[in-house]
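Note that our numbering numbers the first sequence so that position 504 is 499, with each residue one more than the last.
Where a beta carbon is used, it is the ideal one built from N, C-alpha and C, also for glycine.
Reviewing the structure listed below.
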Amino acid sequence: MDYNFNEIEPKWQNYWREQHTYRCSNNSDKPHFYVLDMFPYPSGAGLHVGHPLGYIASDIFARYKRLRGFNVLHPMGYDAYGLPAEQYAIQTGQHPAITTEVNIARYREQLDKIGFSFDWEREVRTCDPEYYRWTQWTFIQLFNHYYDTDLDKAMPISHLISKLEKGEVDTNTEKSWADMSEEERQDYLMNFRLAYLADIPVNWCPELGTVLANDEVVNGLSVRGGHPVERKLMRQWSLRITAYAQRLVDGLNDVDWTDSLKEIQRNWIGRSEGASVWFPLASNYKSHAIPGAAEYVGQLNSDPVPSFEIFTTRPDTIFGVTFMVLCPEHEMISQITTPEQKAEVEQYVSWAKNRSERERQSEVKSVSGVFTGAFAVNPLTGEQIPIWVSEYVLAGYGTGAIMAVPAHDSRDFAFARHFNLPIRQVVALDPNDITDPATWTESIDAKTGFAVNSGFVTGMKCKDAMKAVINKIEEMGIGSRTVNFRLRDAIFSRQRYWGEPFPVYYKNNRPYTLPEDCLPLQLPEITDFKPTATGEPPLGHATCWAWNEQTRQVVDNALIDNVHVFPLELSTMPGFAGSSGYYLRYMDPRNNEAYFSKQAVGYWQNVDLYVGGAEHGTGHLIYSRFWNKFLFDLGIAVKQEPFQKLVNQGMIQGRSNFVYRSKSDNTLFISKNIPGRAENTVPIHVDINIVNNDILDIEKFRQWRPEFAEARFELEEGKYVCGWEIEKMSKSMFNVQNPDDLVARYGADTLRLYEMFLGPVEQAKPWDTNGIEGVFRFLKKFWKLAESRTDAPADKPALKILHQTIKKITDDIERFSFNTSVSTFMICVNDLSALGACSSQVLEQLAILMAPFAPHIAEEVYHQLGHDTSVCDAQWPEFDASLLVQDSFKYPVSFNGKMRLTLELPNGISQEEAIAAVKADALAQKWLDGKEPKRVVFVPNKIINIVL
RNA sequence: GCGGAUAUGGCGUAAUUGGUAGCCGCGCUAGACUUAGGAUCUAGUGGCGAGAGCCGUGGGGGUUCGAGUCCCCCUAUCCGCACCA
């Protein structure tokens, strides 16, 4: 009988479904293992072959762990909220809930065909009220907590209030806590809540009608759709993720991720150590040089002079400061600008503020700025330095003000050159080598070298000078050692419809959260999804979107009286809200009392293996870690880090095919390698489904499109050879490979094996079906081998092959090296086939080894051997080294196909004699069934390699 | 500019982690079977050479008895961040 995958695969898929083979329990004596995939966003396009790559890898690992006796949690779900569904709704008028449902059904169908071992009873969808109830719940907790820097964890806001009431902390504002009104107190607390409402500059995308998080904007364009993004001041919800910046950096040391991904996160968080220093304004009436620092401090204490806080990573260069620069948004600009400069400064500031992000970024190299007319005082030298405004100083980083050291910062250098400001060298690689900065072509930015021209730190190494300067400014009370982060708070509002509603209503224009037991706050039905250009969200169209505080119900907007009935928040949460904690919900997905039970999280702890794309490095993977750490602080999550080991599957690119149409004749197509083809033709994308191994199926091509019906061809050796190129997988390039087509043609097992065979999981690679036949052939050989089985006990050569395979496959899986596993299986089956009929005993073990990779055929063979339980419940074969090596070995051996022995050799023996002695010994001791070793290599440190 | 990674036959890749480079597969060549083959099987396939042999892991140095693997310097490609003080 032929290998009929079309019959085998549905049969076992049904069997697994009916037997609940992949159902997994939270109560088990077995050790636990949690294997997670990044759940997909169910787009209208369906799955392409890139999606399952990671799923197949994780499925192999999950199945392997199960065969090794672990209780494995391997769930799947859908990240179902998001912009595309809503965009589609706007275009077609279809409700996103419906299109999402349709898309999910299609995804499920595609996933089922590939034979994954997901426990579908644990499926979650972020748009399901029973799921987003806990997203909303977490939001309320974030709102009701603040970050206590002393305890270094999130604490209830009530804890802060009681500290304020007892006067244990100072408000650092004009009014004390006791003197504040209720509104003032609420406004004050908003500065501490981990979810807070504030007027902040946001990435506003007019085209999408929403604000976007930093990771959703690239080069001033939205990631979704590529629309321009502007900076705009808006009242928005944000998450105070910056409070966790240090812990997010530290936690990276405790997880088993690739260095490159850790580095991406470290860069994104952007921790830098330095100092913050206060530079006072030189008052106009004392515009003479201030004689000395000591005197200046006295003045600062008695008579508060307006001053600027700056952040620098190079306090050692403070003696080289020759000007200051403020960002155009700096609040003190209008206050300090002199009347003469006023017009010019105002003009510059309004010009700078109205530029889009894209304009700013595209002109990074150009220098612009304006002098305010005001001067500040360098607190260490007493010198007066001019204060400038320039957009090269960013409002969002540090304090929005810098001390400029043109000699040792390339940006300051460019600015000084452009505006002819003085440049003073204060660092030199060699203290005796001081040159005139006027002759320089670039600044000396390196942190190595010695301080020069630098008062009391002159002659010190840069590092020592940094410490000395910081100590000095701390002593003077004008600054301190500071750590700054590039990471910014995550903007959490989206002016969209298809997302989680905020459990928030507004009383007296201030936000209040809904009671927890009123959750979920369900997304209302509306018919008009369009956002407005002014930023009014689609939920503004909802007619029943008000909160009655007394009845604790959502009621009609008409009832709003601002006494008992209040308006609800109109924004919705961003995409990352639902995906930030989904891995925890899988542990206990049907719990109606809690996010997940203590028992469940106590059992599963966290994700042992997470597989997904590195493109989430600065988005989901940061937000999730933050979310988890917050829940950890609440005592709900039990591990600081959510994802212990993380494997990034490489992106699968498309491999496009081209036909070459003659420039002079529109119906003539010339094969790729015909001389002169390049000059006389234009390449045209052709659907990869009508090309096989770069050979065009001419008939299918003629049928493909009406304009090719009359196509004529200039062939080479009777074939039309297409060109190819690696491009992004995209519909418009006709290079999208749908997994369903391959499953229909070769079966799921072949697809699974082939996706692994393509190369290392982590590596980016083009999709290319050229080798799939080889894998298919292998499965057919395996099928034939299974049919040829005998009940005779296994002989030694067969056992040897089997145990070599057990060893190799086990090692490969542990190393996540699945491409080599497939090769190993091929060798194994070839070798066994060469021996003739295969013993059932060997075949059974081989079926178990193959079960993680090709579960359908493995299940079929396993059952044919007389089992009536699933191969999933079998036990992983134990490697028996004694089958490979003779017992009579008298030397320590490590076996891997080659052997390495350590020998004590007598003095004076030559290499040749030693080798001959080992060979003779091998023969005498029958190490290798009486055969002489293939190769013996003598190495000076008494190690000998023996190759079988 | 900063950071990370990669580089091996015509192609995808492998190499027990310092031990005969090129396993396995694709493709290609020859042959067998076949009415036929997008089926199956056998043999061959890094380069040069008739041959023994010589040369070969992006380039150049180095360490070592021995280097694809370790160290230094280049080059190319990919990815992330980018006026982050």
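Three-state secondary structure assigned by DSSP to residue i
| i | result |
| --- | --- |
| residue 700 | coil |
| residue 571 | helix |
| residue 180 | helix |
| residue 36 | coil |
| residue 788 | coil |
| residue 367 | strand |
| residue 607 | strand |
| residue 158 | helix |
| residue 648 | strand |
| residue 618 | helix |
| residue 845 | helix |
| residue 525 | coil |
| residue 85 | helix |
| residue 486 | strand |
| residue 284 | With a pLDDT of 38 at residue 284, under the threshold of 50, the predicted position of this residue should be treated as unreliable, though the coordinate-derived value follows. Three-state DSSP puts residue 284 in coil, outside helix and strand. |
| residue 224 | coil |
| residue 404 | coil |
| residue 140 | strand |
| residue 831 | coil |
| residue 217 | strand |
| residue 248 | helix |
| residue 507 | strand |
| residue 549 | strand |
| residue 121 | coil |
| residue 639 | strand |
| residue 424 | coil |
| residue 295 | Note that residue 295 has pLDDT 49, beneath the 50 cutoff, so the model's placement of it is unreliable and no number is given. |
| residue 945 | Residue 945 lies beyond the residue range present for the chain, which begins at -4 and ends at 943; the question has no answer from this structure. |
| residue -2 | coil |
Beta-carbon separation (whole angstroms), residue i vs residue j, contact threshold 8 Å
| i | j | result |
| --- | --- | --- |
| residue 952 | residue 264 | Here the chain has residues from -4 to 943 only, and residue 952 is not among them. |
| residue 408 | residue 437 | 7 Å |
| residue 314 | residue 371 | Contact doesn't hold; Cβ gap of about 15 Å is too wide. |
| residue 748 | residue 817 | 5 Å |
| residue 453 | residue 463 | Rounded, the Cβ-Cβ distance is 10 Å, inconsistent with contact. |
| residue 491 | residue 526 | 6 Å |
| residue 771 | residue 852 | Actually they do not touch by this definition, with Cβ atoms about 11 Å apart. |
| residue 849 | residue 744 | 4 Å |
Which residues DSSP lists as bridging residue i, in chain order
| i | result |
| --- | --- |
| residue 822 | Looking at the DSSP assignment, residue 822 forms no beta bridge with any residue, so it has no partner. |
| residue 656 | 664, 677 |
| residue 562 | 541 |
| residue 268 | 478 |
| residue 380 | 371 |
| residue 257 | DSSP, once it has assigned bridges, lists no residue as partnering residue 257. |
| residue 321 | 384, 396 |
| residue 27 | 66 |
| residue 877 | Residue 877 is not bridged to any residue. |
| residue 231 | 193 |
| residue 691 | 686 |
* Three or more C-beta pairs below 8 Å linking the stretch 166 to 185 and the stretch 661 to 673 -> no
* When the Cβ atoms of the stretch 546 to 556 are set against those of the stretch 471 to 487, are three or more pairs found closer than 8 Å? -> Using a Cβ-Cβ distance cut-off of 8 Å, the stretch 546 to 556 and the stretch 471 to 487 are not in contact, since fewer than three pairs of beta carbons, one from each stretch, lie closer than that value.
* Segment contact flag, the stretch 105 to 116 with the stretch 598 to 615, C-beta cutoff 8 Å, min 3 pairs -> With fewer than three CB-CB distances shorter than 8 Å, the stretch 105 to 116 does not count as touching the stretch 598 to 615.
* Runs of beta strand (DSSP E) lying entirely within the stretch 720 to 777, each at least 3 residues, in chain order -> none
* Between the stretch 194 to 205 and the stretch 222 to 229, do at least 3 Cβ pairs fall closer than 8 Å? -> yes
* To do: Note down, one range per segment and in chain order, each beta strand (DSSP E) of at least 3 residues found wholly within the stretch 428 to 466.
  => none
* Touching or not, the stretch 38 to 57 and the stretch 807 to 819, by the rule of three or more beta carbon pairs under 8 Å? -> yes
* Asked: At a cut of 8 Å, does the stretch 23 to 43 reach the stretch 137 to 152 through at least three beta carbon pairs?
  -> The stretch 23 to 43 is not in contact with the stretch 137 to 152.
* Are three or more beta carbon pairs between the stretch 727 to 736 and the stretch 681 to 691 nearer than 8 Å? -> yes
* **Stretch pair the stretch 65 to 78 + the stretch 556 to 575: three plus CB contacts closer than 8 Å** => yes
* Counting Cβ pairs closer than 8 Å, one from the stretch 855 to 866 and one from the stretch 830 to 839, do we hit at least three? -> yes
* Could you tell me whether the stretch 397 to 412 touches the stretch 313 to 327, using the rule of 3 or more Cβ pairs below 8 Å? => yes
* Asked: With contact counted as at least three CB pairs below 8 Å, one residue from each stretch, are the stretch 155 to 163 and the stretch 574 to 594 in contact?
  -> no
* the stretch 625 to 642 touching the stretch 560 to 570, judged by at least three CB pairs closer than 8 Å -> no
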